[in-house]
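For reference, the structure is listed below as structure tokens.
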Amino acid sequence: MRTLFFVLLVLGWSHGAEHPLSHWTARGPLPTYQTLEHLAEGEGMLVALFGDPNGQGLVSDDGETFLLEDLGLPEGVIATQLVHRPGLWVALASGQLWTKVSWTDEWEVHAMPVPLEQLIWEGGSFWAWSAGAYSNDSPSGRQWVNAQLFRSADAQVWTESPISDQETFLTISQLIEKDGLYLIANGASNGTAGLWSSSDGENWSAVPSVPAGQTALAVGETGWVASGSSGRLSLSSDGLQWTSEQFPYVVYYLTSGQLGSGQPVYSSPRDLTWHDGQFYALAEGYGGAPILVSSASGVTWEVSSGLADDASSDFSRAKATHLTSANGQLYILGGNGNLWKGANWETEREQLLPQQAWNWTTIAASDDRLVIAGEGGHLLWSDDAVTFSPVQLPEPADVARVIHAPELNLFLAVGGTEAEAKCWLSSDGITWIATAPVHFSNSSLKGAVWDGQYFWACGQAGALARSSDGVAWTPISLGTAVDLTSVNYGGGTYLITASEGLIFYSTDGLSWDSVQLGPETVTYQNASFGNGLWLVPDSYQAHLTEDFEVWWKRDAQAVDSDILFAFGTFIACDQRYLSSSPDGSAWDIHYEGLFGADFPYPAQGGFKHGARFQDRVVFVGDGGLIGVSAAWRDFFAEWQAEQFSPAQLADEAISGPLADPDGDGWANAFEYRFDLNPLLREAVGEASLLHHWVDNVRFDWVGYTGLQGQYTFPWSLDRPGAICWVERFESERGWVRDGLEPDFPFSSQGLYRKSVRVKIEGSDSVLLRLRSEVVRP
1 MRTLFFVLLV LGWSHGAEHP LSHWTARGPL PTYQTLEHLA EGEGMLVALF GDPNGQGLVS
61 DDGETFLLED LGLPEGVIAT QLVHRPGLWV ALASGQLWTK VSWTDEWEVH AMPVPLEQLI
121 WEGGSFWAWS AGAYSNDSPS GRQWVNAQLF RSADAQVWTE SPISDQETFL TISQLIEKDG
181 LYLIANGASN GTAGLWSSSD GENWSAVPSV PAGQTALAVG ETGWVASGSS GRLSLSSDGL
241 QWTSEQFPYV VYYLTSGQLG SGQPVYSSPR DLTWHDGQFY ALAEGYGGAP ILVSSASGVT
301 WEVSSGLADD ASSDFSRAKA THLTSANGQL YILGGNGNLW KGANWETERE QLLPQQAWNW
361 TTIAASDDRL VIAGEGGHLL WSDDAVTFSP VQLPEPADVA RVIHAPELNL FLAVGGTEAE
421 AKCWLSSDGI TWIATAPVHF SNSSLKGAVW DGQYFWACGQ AGALARSSDG VAWTPISLGT
481 AVDLTSVNYG GGTYLITASE GLIFYSTDGL SWDSVQLGPE TVTYQNASFG NGLWLVPDSY
541 QAHLTEDFEV WWKRDAQAVD SDILFAFGTF IACDQRYLSS SPDGSAWDIH YEGLFGADFP
601 YPAQGGFKHG ARFQDRVVFV GDGGLIGVSA AWRDFFAEWQ AEQFSPAQLA DEAISGPLAD
661 PDGDGWANAF EYRFDLNPLL REAVGEASLL HHWVDNVRFD WVGYTGLQGQ YTFPWSLDRP
721 GAICWVERFE SERGWVRDGL EPDFPFSSQG LYRKSVRVKI EGSDSVLLRL RSEVVRP
């Protein structure tokens with residue numbers, strides 16, 4: 001009788017260099033997944049700000065085409081507001097005020113007594129104010145601090161208005177002047193009044209008839225409109241006498257058990273402005289989709305045609321947040337870098353940044369050129385993964401995969417429609433020529449690969465062909481009509497993923513065998529080869545094999561959308577996370593990859609496809625998403641420089657990756673991988689050791705264990721610069737990686753630990769090997 005036992009490999013702690021996959025930067029020709037917050041006009045330009053930590057803004061000379069441009073502020077200073085007057089630019093950046101005479105001049109900072117939140121020009125003066133908020137700095141604990149209001153004629157000398165001394169709770173939403181009357185909207189819901197008025201901008205009086213919590217304010221030829229909570233509007237013809245009206249749009253209805261049955265919850269305009277003889281309000285419609293409504297008086301409102309009840313439109317999907325007028329146009333700013341304009345929103349409107357709606361599906365790289373492709377024949381190219389330029393294929397077809405053939409210096413893009421396959425070739429990723437893949441006339445192409453001699457492409461209904469130049473294609477028969485989703489090459493073998501739970505493999509590309517890897521309801525989308533393994537993702541699991549004869553399956557976090565092998569490790573992505581693993585068994589989640597402060601969470605979907613470009617990894621996805629990882633450096637060399645003196649560094653027998661200067665049985669590569677001291681002898685566990693050195697980069701730690709006691713392996717998250725995995729020995733197969741089941745990591749005091757369960761059949765001892773390899777960029 002065969003008995004199944006488990007030996008627990010208890011794994012230790014490790015610190016070290018931060019992993020490049022934990023730090024990402026959003027890139028692209030436009031601000032990906034950023035919310036446009038402000039639009040300024042001056043010197044014939046429009047400038048859109050989005051709080052960019054890299055100091056950039058969107059600049060247009062014609063009001064149509066916007067390009068990213070450095071704003072010229074010091075590093076780390078983030079611009080949020082911009083005002084232009086003849087001969088003067090004023091910026092609010094990182095809470096302080098900055099000025100310059102013309103756009104090409106240098107900025108000069110002007111220190112203010114408190115950090116500021118808003119900057120405007122109104123009624124012949126500059127106005128700036130701080131935020132009203134609770135503060136924990138008071139000796140008595142949490143205390144409200146009022147907004148402070150400042151005024152200046154020249155943006156050089158500022159005086160403070162006393163309004164903050166009169167209102168108990170003050171948060172300034174807006175300040176507007178008309179015909180000598182100044183009004184301030186107070187957004188604090190617990191304030192004394194929702195509006196404060198002044199005839200000179202210095203002496204302020206509460207407007208008691210308007211309740212606190214006014215979040216938007218606008219004035220036009222017919223009077224004033226203010227927006228409060230629960231959809232209540234305050235209207236006035238002169239700014240002195242006010243009446244209340246209900247904003248008529250419902251977001252949802254409360255059902256039974258929630259304060260009554262069918263009770264409407266009304267929308268409140270998030271922004272108001274006057275344009276072309278009407279008030280415009282930006283609000284939420286039913287279900288939360290943004291709507292743009294207009295009214296001549298503020299009493300009767302109408303939804304702008306074409307922007308309502310269209311859940312598929314870019315406007316409905318975007319989080320429109322701000323309204324502003326410039327150049328005689330009405331502009332709407334929103335999330336994901338969306339910007340619309342219209343002279344008359346009933347008949348003429350235009351989305352100015354359409355690239356933000358493009359969905360990227362694939363990416364490829366040569367040594368010095370990065371190419372991204374997606375729906376509608378849209379492409380981007382870049383030489384540095386920082387600045388991207390758009391190009392268009394000769395026809396507006398969807399691209400499923402783009403690859404690069406270094407031996408030919410050619411990019412190949414494949415795709416098409418359900419009824420017609422398409423191929424395009426380019427020597428530089430910029431100029432593309434369509435080719436005619438006649439053998440795919442009734443099949444959309446889904447996958448492509450270059451094997452060093454041939455292009456390979458696959459598609460629906462078993463379509464497979466190869467070409468030495470991307471022009472003339474030779475069909476290859478698999479003897480099946482299942483849909484083929486990707487063709488891959490690595491380690492001298494080909495692997496094709498397909499529908500109906502199948503994969504196909506071949507060593508020569510001519511004779512193919514199939515494997516029923518899963519049930520017929522499953523369609524495998526892609527595969528990758530690395531560290532001697534093929535890995536096929538399967539909905540948060542991974543199928544693994546070394547020889548196509550023995551397969552094993554492991555739970556694999558974030559292994560869903562795509563799998564990439566780069567820098568010695570598999571890198572996987574789904575719509576929320578990134579993970580990496582050198583062996584497909586023990587996966588490290590890189591939480592900050594999509595949630596870091598410099599990389600906002602992509603609400604419309606995560607990374608879809610990735611590639612290595614120079615010393616970084618670049619992933620792309622829906623909604624214009626482009627993420628560039630931090631650079632891989634020679635982390636092991638940096639560690640050597642920290643641990644050894646110059647004399648020791650010069651001696652490979654002391655500081656080299658194979659050396660063991662402290663004689664504890666751990667080569668320096670292991671000492672680095674597990675965050676140990678190479679000059680201090682450490683205990684190595686309970687097992688006897690045997691060392692193997694292989695081709696100057698691989699390091700093996702071998703020991704025996706029986707069924708008694710514990711076998712101790714140190715472990716950690718994937719430390720950059722070295723990878724690690726465990727193998728076991730079988731007499732007939734040699735060293736193999738199946739039969740080892742890692743547990744998922746858990747956290748204790750901010751540190752992550754892993755353990756590995758080893759299945760042992762029978763009563764024989766098991767020979768285990770811990771493998772580590774230095775990875776250099």
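The sequence shown begins at 1 in the numbering used here and counts up by one. Don't be surprised by glycine CBs; every beta carbon is placed ideally from N, CA and C. Nothing here was measured: the structure is a model prediction, and the numbers come from that model.
Selected residue, minimal CA-CA separation from Glu160, among Leu195, Pro113, Leu170: Taking the first residue of the sequence shown as position 1, residue 160 is located at position 160. Ranking the options by Cα distance to Glu160, first place goes to Pro113.
Would you report the Cα separation of Trp534 and Val550, rounded to the nearest angstrom? By one-based count along the sequence shown, residue 534 stands at place 534. By one-based count along the sequence shown, residue 550 stands at place 550. Cα to Cα, the separation comes out at about 11 angstroms.
Just reading off the beta strand (DSSP E) that Arg728 is part of, what are its end residues? Indexing the sequence shown from 1 puts residue 728 at position 728. Start and end: 722–730.
Could you pull out every unbroken beta strand (DSSP E) segment of at least 3 residues lying fully inside the stretch 598–678, listed in chain order? Restricting attention to beta strand (DSSP E) runs no shorter than 3 residues, the stretch 598–678 encloses them at 607–613, 616–621, 626–629, ordered along the chain.
Bridge partners - Ala461, DSSP secondary structure assignment: As a first step, residue 461 must be located in the sequence shown, where it is residue number 461. Its beta-bridge partners do not exist; DSSP assigns none.
With a CB to CB cut of under 8 angstroms and the five nearest residues on each side skipped, what residues in its chain are close to Gln263? By one-based count along the sequence shown, residue 263 stands at place 263. Answer for Gln263: Tyr253, Leu254, listed in chain order.
Is Leu408 helix, strand or coil when you go by DSSP? Taking the first residue of the sequence shown as position 1, residue 408 is located at position 408. The answer is coil: DSSP assigns Leu408 none of H, G, I, E or B.
In three-state DSSP terms, what is Glu375? For the purposes of this step, residue 375 is identified with residue 375 of the sequence shown, where counting begins at 1. In the three-state reduction of the DSSP assignment, Glu375 falls in the helix class.
Taking all protein chains shown into account, decide if Tyr134 is buried (16 or more other Cβ within 10 angstroms of its Cβ) or exposed. Stepping through the sequence shown from its first residue, residue 134 is reached at position 134. By the 10 Å Cβ count, Tyr134 comes out exposed.
Report the three-state DSSP secondary structure of Gly491 (helix, strand or coil). Your numbering for residue 491 matches position 491 in the sequence shown. The three-state reading of DSSP puts Gly491 in coil, since its state is none of H, G, I, E or B.
Write down every uninterrupted run of the alpha helix (DSSP H) in the stretch 149–226 whose length is 4 residues or greater and which is fully enclosed by it, in chain order. 163–166
Closest residue to Asp384 among His38, Ala630, Thr243 (Cα-Cα distance): What you label residue 384 is simply residue 384 of the sequence shown in a count that begins at 1. With distances taken between Cα atoms, Asp384 lies closest to Ala630.
Under 6 angstroms Cβ to Cβ from Pro777, same chain only, skipping five residues before and after it: list those, please. Here residue 777 refers to the residue found at position 777 of the sequence shown. The residues are Asp615, Trp632.
Which value, in whole angstroms, describes the spacing of the CA atoms of Val83 and Ala147? Residue 83 sits at position 83 when you count from the first residue of the sequence shown. Residue 147 sits at position 147 when you count from the first residue of the sequence shown. Rounded to whole angstroms, Val83 to Ala147 spans 20 angstroms at the Cα level.
Do the stretch 647–664 and the stretch 384–398 touch if we need at least three Cβ pairs shorter than 8 angstroms? no
Using a threshold of 9 angstroms, state whether the C-beta atoms of Ala650 and Gly584 are closer than that. Counting from 1 along the sequence shown, the entry for residue 650 is found at position 650. Counting from 1 along the sequence shown, the entry for residue 584 is found at position 584. No, these two residues do not count as a Cβ contact at 9 angstroms.
How many whole angstroms separate the CB atoms of Asn338 and Gln329, which I take to be in contact at a CB cut-off of 8 angstroms? By one-based count along the sequence shown, residue 338 stands at place 338. By one-based count along the sequence shown, residue 329 stands at place 329. Not really, about 15 angstroms apart at Cβ, beyond 8 angstroms.
Can Tyr331 and Tyr286 be called in contact, C-beta distance under 9 angstroms? Numbered from its first residue, the sequence shown carries residue 331 at position 331. Numbered from its first residue, the sequence shown carries residue 286 at position 286. No, these two residues do not count as a Cβ contact at 9 angstroms.
Report the rounded CA-to-CA distance for His19 versus Asp634, giving the unit in angstroms. Looking up residue 19 in the sequence shown gives position 19. Looking up residue 634 in the sequence shown gives position 634. Each residue's Cα considered, the two are about 12 angstroms apart.
Counting only the same chain and skipping the five closest in sequence on each side, list residues whose C-beta sits under 7 angstroms from that of Ala448. Stepping through the sequence shown from its first residue, residue 448 is reached at position 448. Excluding positions up to five away in sequence, the list reads Arg401, Ile403, Leu412, Val414, Phe455, Trp456, Ala457, Val487.
Whose CA, out of Ser382, Ser443, Glu420, Gly452, lies closest to the CA of Pro406? Start at 1 with the first residue of the sequence shown, and residue 406 comes out as number 406. Among Ser382, Ser443, Glu420, Gly452, the Cα nearest to that of Pro406 is on Gly452.
State yes or no: is the C-beta of Leu88 within less than 9 angstroms of the C-beta of Gln118? For the purposes of this step, residue 88 is taken as residue 88 along the sequence shown, with counting starting at 1. For the purposes of this step, residue 118 is taken as residue 118 along the sequence shown, with counting starting at 1. No, Cβ-Cβ distance for Leu88 and Gln118 is not below 9 angstroms.
When you compare each of Ser506, Leu408, Pro162, Ser152 to Asp469 by their alpha carbons, which one comes out closest? Translated into the one-based positions of the sequence shown, residue 469 becomes position 469. The shortest Cα separation from Asp469 among Ser506, Leu408, Pro162, Ser152 belongs to Leu408.
For Glu418, which residues from the same chain have a beta carbon less than 7 angstroms from its beta carbon, with the 5 sequence-adjacent residues on both sides left out? Numbered from its first residue, the sequence shown carries residue 418 at position 418. So the qualifying residues of the chain are Ser444.
Determine contact between the stretch 270–282 and the stretch 215–222, defined as no fewer than three beta-carbon pairs at a distance below 8 angstroms. yes
Are the CB atoms of Leu175 and Ile120 nearer to each other than 9 angstroms? One-based indexing of the sequence shown puts residue 175 at position 175. One-based indexing of the sequence shown puts residue 120 at position 120. In this structure, Ile120 lies closer than 9 angstroms to Leu175 by Cβ.
Sorted by chain position, which residues of the same chain lie with C-beta nearer than 6 angstroms to Ser467's C-beta, five sequence neighbours on each side aside? As a position in the sequence shown, residue 467 is number 467, starting the count at 1. The residues are Phe455, Trp473.
If we count the other Cβ atoms within 10 Å of its Cβ and call it buried at 16 or more, is Thr521 buried or exposed? Looking up residue 521 in the sequence shown gives position 521. Thr521 should be labelled exposed.
For Gly57, collect the residues of the same chain with a Cβ closer than 7 angstroms to its Cβ; drop the 5 residues on either side in sequence, then sort them by chain order. As a working mapping, residue 57 is identified with position 57 in the sequence shown. Excluding positions up to five away in sequence, the list reads Val47, Ala48, Leu49, Glu69, Leu71, Ala79.
For Ala364, which beta-bridge partners are listed by DSSP? Mapped onto the sequence shown, residue 364 falls at position 364. DSSP lists Val371 as partners of Ala364.
What does the alpha-carbon distance come out to for the pair Ser313 and Pro290? Here residue 313 is taken as the residue at index 313 of the sequence shown, counted from 1. Here residue 290 is taken as the residue at index 290 of the sequence shown, counted from 1. Legend: pLDDT at Ser313 = 48, less than 50; position of this residue unreliable, no value from coordinates given.
Contact set for Thr3: own chain, Cβ-Cβ below 6 angstroms, skip 5 residues either direction: As a working mapping, residue 3 is identified with position 3 in the sequence shown. Residue placement at Thr3 is flagged as unreliable, the pLDDT there being 28, under the threshold of 50; the coordinate-derived value follows with that caveat. Sequence-distant partners of Thr3 (beyond 5 residues in either direction) whose C-beta falls short of 6 angstroms from its own C-beta are missing from its chain.
Nearest to Ser772 by CA position, among Ala421, Asp428, Ala669, Gly374, is which residue? Taking the sequence shown and counting its residues from 1, one reaches residue 772 at position 772. Closest option to Ser772, Cα to Cα, is Ala669.
Locate the beta strand (DSSP E) running through Trp274, then write down its first and last residues. Taking the first residue of the sequence shown as 1, we reach residue 274 at position 274. Note, Trp274: beta strand (DSSP E), 271–275.
Output needed for Ala481: all residues of its chain with C-beta closer than 7 angstroms, excluding positions within five of it in sequence on either side, in chain order. Walking along the sequence shown from the start, residue 481 turns up at place 481. Taken in chain order, the residues that qualify are Ala461, Gly462.
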